[in-house]
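This report concerns only the one structure given below.
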Amino acid sequence: MNSIYNLSLADLENYFVNHQDKKFRGQQVFDWLYRKRVDHFEEMTNLKKEVIELLKQDFTLSTIKIVKQEADTDVKKFLFSLKDEEQIEAVLMNHNYGNSLCISTQVGCNMGCKFCESGRLKKIRNLETHEMVEQILMIEKEIGKRISHVVVMGIGEPFDNYDNLVKFIEIMNHPKGIALGSRHITVSTCGIVPKIIQFSTLPYQVNLAISLHAPNNDIRNQIMAINRAYPLELLIDTLKDYLKKTNRRVTFEYILLKDINDQEKHALELVKLVKGMNCYINLIPYNETNNISFQRSDYHTISKFYDILKKNKINATIRKEFGSKISAACGQLRSKKED
Ligand code: SAH
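Going by our numbering, the final residue of the sequence shown carries number 699, and the count climbs one at a time with no gaps.
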């Protein structure tokens with residue numbers, strides 16, 4: 361059965377029109393789902409009994425369950441069980457500007473980045489739109505607060521599940537529903553070039569982050585398989601077009617891996633690569649995992665790398681660390697379960 365959380369407002373309106381009802385009914389249901397947050401169709405008290413029966417017959421409401429939580433200072437991690445017993449995770453972080461929820465888009469991931477736990481487990485399936493929407497609804501209910509920012513950076517490659525992702529953004533962003541501002545949504549990709557081009561044509565001002573992690577093809581080929589399909593120069597040219605077209609800024613994520621991409625010469629190469637682009641670089645201390653042998657760069661190396669970027673007038677930050685104690689790095693909670 362289809363989940364009602366797969367439907368945008370326009371889909372709901374069409375549904376009612378196709379059932380010889382008023383378009384306006386769509387708006388009423390959307391309101392019950394996203395403003396009033398009902399758990400049962402019977403709670404939609406301004407609908408006739410027949411309409412409620414129709415909805416019950418055609419749609420499910422909530423399908424995902426929180427099965428485990430781990431908390432640390434300013435961070436909480438949730439493990440969800442899906443209707444087919446697969447598991448995904450989401451991470452909630454408190455910031456001085458609000459809170460952000462990092463959500464998953466797939467069960468596992470096929471991108472095969474060498475340093476990443478999620479990739480080690482391979483993709484089992486895409487998440488449906490409703491499973492992305494429900495991560496937000498469930499957690500807001502659990503914590504009794506609104507989530508101010510959503511980062512699509514959990515398990516999975518969002519651009520490998522493009523259509524469901526775009527529908528998710530449409531539902532989240534709609535002013536009559538959750539109304540999460542598009543500038544409060546960030547999508548992170550390992551660099552699937554055709555989808556970046558497609559993404560630039562969307563009518564939403566969603567932030568784009570690119571998992572760069574290397575300043576040249578040699579290193580990037582070694583750690584990120586996607587680079588063999590879409591090498592660095594193509595990725596950068598595509599992003600320059602994206603910037604021109606959207607007038608926005610891109611974020612580059614750069615994990616510092618000891619002795620692999622963290623030396624002075626790499627920082628200088630990185631400066632050259634992104635010079636002149638409207639971007640900023642998020643330097644990420646690597647979260648070491650038991651299953652993968654990459655090591656985190658020491659703090660001195662990270663701060664030297666950062667200084668070189670700054671000296672060369674590149675916007676950069678060192679990512680505040682959340683939850684390394686609670687296996688909050690991408691895919692780690694789920695993979696703990698699997699081991
Ligand atoms: N597939 C998307 C989004 C999921 S990965 C992407 O590649 O952007 C989210 C981010 O976490 C990516 O930048 C990824 O490279 C990074 N990441 C993965 N494993 C990590 C680890 N062990 N420590 C720190 N960052 C990690």
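C-beta: ideal position from N, C-alpha, C; glycine also.
Simplified DSSP assignment, three categories, for T405: T405: coil per DSSP, three-state reduction.
contact_flag[the stretch 448 to 461, the stretch 396 to 404] where n(CB pairs < 8 Å) is 3 or more: The stretch 448 to 461 vs the stretch 396 to 404: no contact.
Terminal residues of the alpha helix (DSSP H) in which N672 lies: It is not in any alpha helix (DSSP H) - N672 carries neither H nor E in the DSSP assignment.
S653 Cβ short of 7 Å to the ligand SAH heavy atom set: With a cut-off of 7 Å, the C-beta of S653 is classified as distant from the ligand SAH, since no heavy atom of the ligand falls inside that distance.
Length of the line joining the Cα atoms of K425 and L442: Rounded to the nearest whole angstrom, the C-alpha separation of K425 and L442 is 7 Å.
Which of helix, strand or coil DSSP assigns to L439: For L439, the secondary structure class from DSSP, reduced to helix, strand or coil, is strand.
Proximity test, H573 beta-carbon vs the ligand SAH heavy atom, cut-off 7 Å: Distances taken from the Cβ of H573 to the heavy atoms of the ligand SAH include one shorter than 7 Å.
Cβ separation of L592 and N576, assumed to be a contact under 8 Å, to the nearest whole Å: The Cβ separation is near 7 Å, so the contact holds.
Same chain only: Cβ atoms within 6 Å of S560, ignoring 5 sequence neighbours per side: Close CB contacts of S560 within its chain, under the 6 Å cut and outside five residues either way in sequence, are with Y602, K605 and T606 (chain order).
Simplified DSSP assignment, three categories, for F528: DSSP places F528 in the helix class (H, G or I) of the three-state scheme.
From Q380, H379 and T405, residue whose alpha carbon lies closest to that of Q388: That would be T405, whose Cα lies nearest to the Cα of Q388.
contact_flag[the stretch 532 to 546, the stretch 363 to 380] where n(CB pairs < 8 Å) is 3 or more: The stretch 532 to 546 vs the stretch 363 to 380: in contact.
Range of the contiguous alpha helix (DSSP H) that encloses P645: Element bounds for P645: not the alpha helix (DSSP H) but the beta strand (DSSP E), C639 to P645.
Bounding residues of the beta strand (DSSP E) (the contiguous stretch that carries L461): In the DSSP assignment, L461 falls within the unbroken beta strand (DSSP E) covering G458 to C462.
Spatial neighbours of L599 in its chain, beta-carbon cut-off 6 Å, leaving aside the 5 residues before and after: Counting only Cβ-Cβ distances below 6 Å, and skipping sequence neighbours, we find V610.
Beta-carbon gap between R679 and I644 smaller than 8 Å: Yes, Cβ-Cβ distance for R679 and I644 is below 8 Å.
Residue closest to C462, alpha-carbon to alpha-carbon, out of T546, L421 and I583: Here the closest residue by C-alpha is T546.
Whole-Å CB distance - E624 paired with K664, under 8 Å assumed: For a cut-off of 8 Å, the C-beta gap from E624 to K664 is around 7 Å, short enough to register as a contact.
M404 Cβ short of 7 Å to the ligand SAH heavy atom set: Taking non-hydrogen atoms of the ligand SAH into account, the C-beta of M404 is found less than 7 Å away from none of them.
For V467, the residue or residues it bridges with in DSSP: V467 pairs with R485.
Test item: CB-CB of L616 and T649 under 8 Å: No, the pair does not count as a contact, with Cβ atoms beyond the cut-off.
Buried versus exposed call for R543 [16 or more other C-beta atoms within 10 Å across all chains shown]: Exposed.
Rounded separation between P563 and Y590 - CA only: Taking the straight line from one Cα to the other gives about 25 Å.
Residue nearest to T423 in terms of C-alpha spacing, selected from I586, S363 and L414: Distances from the CA of T423 to each of I586, S363 and L414 were compared; the closest alpha carbon is that of S363.
Q565, enclosing beta strand (DSSP E) - first and last residue: Q565: not part of any beta strand (DSSP E); DSSP gives it neither H nor E.
Inter-residue spacing [alpha-carbon to alpha-carbon] between F390 and L628: Taking the straight line joining both Cα atoms gives about 51 Å.
S548: CB within 7 Å of a non-hydrogen atom of the ligand SAH: Under cutoff, so the answer is yes.
For L617: DSSP bridge partner residues: According to DSSP, L617 bridges with R656.
Pair within 8 Å by beta-carbon distance, A574 and N621: Yes, they are a contact pair.
Contact check, M492 vs F519, beta carbons under 8 Å: With a cutoff of 8 Å on beta-carbon distance, M492 and F519 are scored as not near each other.
Bridge partners - E624, DSSP secondary structure assignment: Beta-bridge pairing links E624 to no other residue.
Reduced DSSP secondary structure (H/G/I, E/B, other) of V398: V398 falls in the coil class under three-state DSSP.
Where E446 falls: helix, strand or coil (DSSP): Here E446 sits in coil by DSSP.
Option nearest I552 by Cα separation, candidates Y522, Q655 and N675: The option with the nearest alpha carbon to I552 is Y522.
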